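As they're listed, the protein sequences go chains A and B. Residue 1 is where the first sequence starts when you use my numbering, and the numbers rise one by one after that. Residue 323 is where the second sequence starts when you use my numbering, and the numbers rise one by one after that. Here's the structure we're looking at; comments come further down.
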Amino acid sequence: MKRRDFLKASLGGAALLGAGAAQGRGNLEPAEEAVGMLFDSTLCIGCKACVSKCKEVNGMPPTPLEDETYWDAARDLSHETLNVIKVYQEGEASIKDAAENGYAFEKRSCMHCVDPGCVSVCPVTAMRRDPKTGIVTHHPDACIGCRTCMVGCPYNVPQFDYDNPFGEIHKCQMCNQQGVARIDNGEMTGCAEVCPTGATLFGSRKALLEEAKRRMTLKPGETYNYPRGDVRKPESHHEKAVPSYQNHIWGEKEAGGTNVLHISSIPFEKLGMPPLEERSYASISETVQHTIYNYMALPAAALAGLTYIVRRNTEDEDGGES
Amino acid sequence: MSAYQPLKRPVITFPFLVLSVVALIGTYFLVQRFLHGMGPVTNINGGYAWGIWVVYDVVVGTALACGGYALAITVYVMNKGKYHPLIRPALLASLLGYGLGGIGAMIDMGRWWQFYNIFTPWHMNFNSVMLEVGLCVATYILVLCIEFAPALLEKIGAQGVIKALNKVLFFFIALGVLLPTMHQSSLGSMLIAMGYKVHPLWQSLHLQPLLAILTALTMGFAVVVFEASFSSAGFRRPDETPILSGLGKAIMGLISVYLLVRFGEILINGKLGLIFAGDLGSLMFLLETTLFVFPLIVLLSEKRRGHGPLLLWASVSMLFAGALYRFNAFLITYDPGPGYSYFPSTPEIMVTAGMVAIEIMAYLIIVKKFPVLHNAETA
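Laid out in structure tokens, this is it:
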């Protein structure tokens, strides 16, 4: 290829780059019948019944505290802990749900992103978003163990079993994995089923979002009849005074939104939620990737710059045929 | 008579023996990894899923193996025939470096026995940057084998095969320019999906692929200068500074563009203050930038460019700069959130050191047994 032609081709590629960028994709939309959960931190009393039930459903052992196993002492997500309750403590840690001198409980489990990073980055489609339920599933038979899903997850949810030479990725699949299939059978997730206060509520994303928005409008101090179990057909209710919620439904918009929503009376950054914007990183990554690989434009442009510079700097040299 | 000759020197030397000890220790821990899993050998965890096996062996290692790529562009695309004598040793180093990257990726793969899923179309996720990197690197290793094959074929005297290969080699050379352009830029694109975990000074989103390809190319040129200077000194061969200084010019140009894009992005996105924040991020950024600016200053003057030792120092600085850029982005300033930290374990470091030792030993054996280095007279 002559240098001039090469430059021309590269510039053509650069021109196409603009066209490509314009076609970049935005965030994915929620699945039509997306199911999810609503975690209301103000209702959580830290009993960890959900942690225990989760392990029972998924056949995972309790995490011992030192050598004794009085209760499940899991402190964070791991290959054998798919759901964990963490505690927030500040100052004297005496007032429930107060940011100062208070304490609160926060659930960590897969958020089931509407536009999941793990699904976008997995080279072998071992992470999938169920087109109907929106549940983010994992398929070990496809997985090569590269762990890109772990670095691509804003919540550090997928966990690899490092101590097993034939380990695999573990994550919450909303109790709908093969052999469990609670959602397909019309049941709810284990954690929502056992939650005594309705802090973890199961339901459709739409219904849960409605419920969350309703709670935002309640006046602190007035009584509200909180449902337990499935928000669409609650097993029971309990009355409780409304706390002063932060006007923020985590997962309504963050990085394209999540099917698991959180509300709280403490700002989410204090509860360890990551600093996310509304646009998903997956959509940016795919836009860049498809811009380059639909048109071969960016590598061409980079090479054009290279060609130009090296040419200019070596003009006095003879470029003989080799 | 070929323009290339094997270096007729003994293979077993003192440095070679030292390297073989390192290789043995590394191999021991490697066996442990496959017997007991990655947990007992490495310090990777739920937040730092990638340690030095990915970040050094693959991300930095393949960039250090871009010599063949950089020279292929110079010689075959830019038509600078005078650099042709340098291409065979550069291709060998690239082949070994990419081989290390490929093997490193396999070692780090948690479910390595299913690696072939990446080649089966019904598994491929075309949205995945990792897929592009995996496929591209695998193909490029094959291309490098073909590009380097003439050296082995000459040794066994397979003239007929060389003739046939020469007729189609142009196609593989073209591929050998395209493929690294693709996957080296994609190594940068991988950082996009990591989002906030990548420090803002390194999270340039849309510019990631451009910065990655610029540094890969610059490191490619720098490694050619480094290897040629080193083998001149180490094997007491004629000094190649006159020809290498031309590559110094290329490095200078590339660093200028890189710094322009890098600082432009930081300025436009209002991140300038982070440089002087006085934390780990700002410290690493200043160190990294110094390592980029030092070679630029050295190479600006034609006199210094023609000075062997200065040229070598400039290239070494550049190699550290490019390596640190990647280490910073993927590991050192990478922050998955509270509760996680990472520093490689000794066995983990020894596996990487062992792999590098094997790579260097293979290089030494091959240049001593096969026609790789060019004859001084024909240079």
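All C-beta atoms in this analysis are idealised placements derived from N, C-alpha and C, irrespective of residue type, glycine included. Keep in mind it's a predicted model, so treat the numbers as computed, not measured.
Asked	Found
Contained alpha helix (DSSP H) runs [length at least 4] in the segment 54-130 of chain A, N- to C-terminal order	117-121
Where ASN156(A) meets chain B, residues with beta-carbon distance less than 8 Å	GLY368, GLY369, PRO658, GLY659, TYR662
Other residues of its chain near ALA675(B): CB distance less than 7 Å, five sequence neighbours each side excluded	VAL344, GLY348
Within-8 Å CB hit, GLU168(A) to chain B	yes
Beta-carbon neighbours of LEU602(B), restricted to chain A and to distances below 8 Å	Under the 8 Å cutoff, chain A gives no residues; its nearest Cβ is about 18 Å from LEU602(B).
Contact check, PHE607(B) vs LEU523(B), beta carbons under 8 Å	yes
Chain-ordered neighbours of ILE565(B) on chain A, where CB pairs are closer than 7 Å	Going along chain A, no residue has its Cβ under 7 Å from ILE565(B), so there is no contact; the nearest lies around 11 Å.
Three-state class that DSSP yields for GLY36(A) in the structure shown	strand
From SER264(A), LEU276(A), GLU210(A), ASN259(A), residue whose alpha carbon lies closest to that of GLU29(A)	ASN259(A)
Chain B within 8 Å of ALA142(A), Cβ atoms only	yes
Residues of its chain near ALA22(A), where Cβ-Cβ distance is below 6 Å and the 5 sequence neighbours each way are ignored	Legend: pLDDT at ALA22(A) = 41, less than 50; position of this residue unreliable, value from coordinates given subsequently. No residues qualify anywhere along the chain.
From GLY102(A), CYS122(A), GLN173(A), residue whose alpha carbon lies closest to that of LEU82(A)	GLN173(A)
Beta-carbon gap between THR148(A) and VAL121(A) smaller than 8 Å	yes
Cβ contact check for the segment 424-436 of chain B and the segment 397-408 of chain B: 3 or more pairs under 8 Å	no
Beta carbon proximity, ARG648(B) to chain A, threshold 8 Å	no
Supposed close pair CYS191(A), THR200(A) - CB separation, criterion 8 Å	5 Å
Same chain only: Cβ atoms within 8 Å of ARG279(A), ignoring 5 sequence neighbours per side	GLY26, ASN27, ALA255, GLY256
C-beta contact flag for LYS670(B) and ASN365(B) at 8 Å	Rather than Lys, the amino acid found at residue 670(B) in this sequence is Glu. Yes, Cβ-Cβ distance for GLU670(B) and ASN365(B) is below 8 Å.
Buried or exposed by the 16-neighbour rule on C-beta atoms within 10 Å, applied to PRO617(B)	buried
ASN697(B) versus ASP561(B): straight-line alpha-carbon distance, rounded	12 Å
Neighbour flag for PRO693(B) against chain A, beta carbons, 8 Å	no
Buried versus exposed, by CB contacts within 10 Å (16 or more), GLN525(B)	buried
Closer than 8 Å at the beta carbon, the chain B residues around ASN331(A)	There is no way to answer for residue 331(A), as the model of chain A reaches only from 1 to 322.
Contact with chain B by PHE160(A), beta-carbon distance below 8 Å	yes
Near-chain B residues of the segment 115-136 of chain A - C-beta to any C-beta below 9 Å	GLY117, VAL119, SER120, VAL121, CYS122, PRO123, VAL124, THR125, ALA126, MET127
Pair within 8 Å by beta-carbon distance, HIS445(B) and THR137(A)	no
Within 9 Å of chain B by C-beta, residues of the segment 58-78 of chain A in sequence order	ARG75, ASP76, LEU77, SER78
Contact under 8 Å by Cβ, PRO693(B) with ALA496(B)	no
CB contact below 8 Å: GLN89(A) versus chain B	no
Top-ranked residue by Cα proximity to CYS146(A), from ASN488(B), GLY456(B), GLY403(B)	GLY456(B)
Three-state class that DSSP yields for GLU562(B) in the structure shown	coil
Rounded separation between PRO328(B) and LEU414(B) - CA only	13 Å
Buried/exposed call for LEU339(B), threshold 16 Cβ in 10 Å	exposed
Length of the line joining the Cα atoms of GLN159(A) and GLY630(B)	50 Å
CB contact check: ALA22(A) to chain B, cutoff 8 Å	With a pLDDT of only 41 at ALA22(A), under 50, the local geometry of the prediction cannot be trusted, and no value is derived from it.
TYR155(A) - DSSP class collapsed to helix/strand/coil	coil
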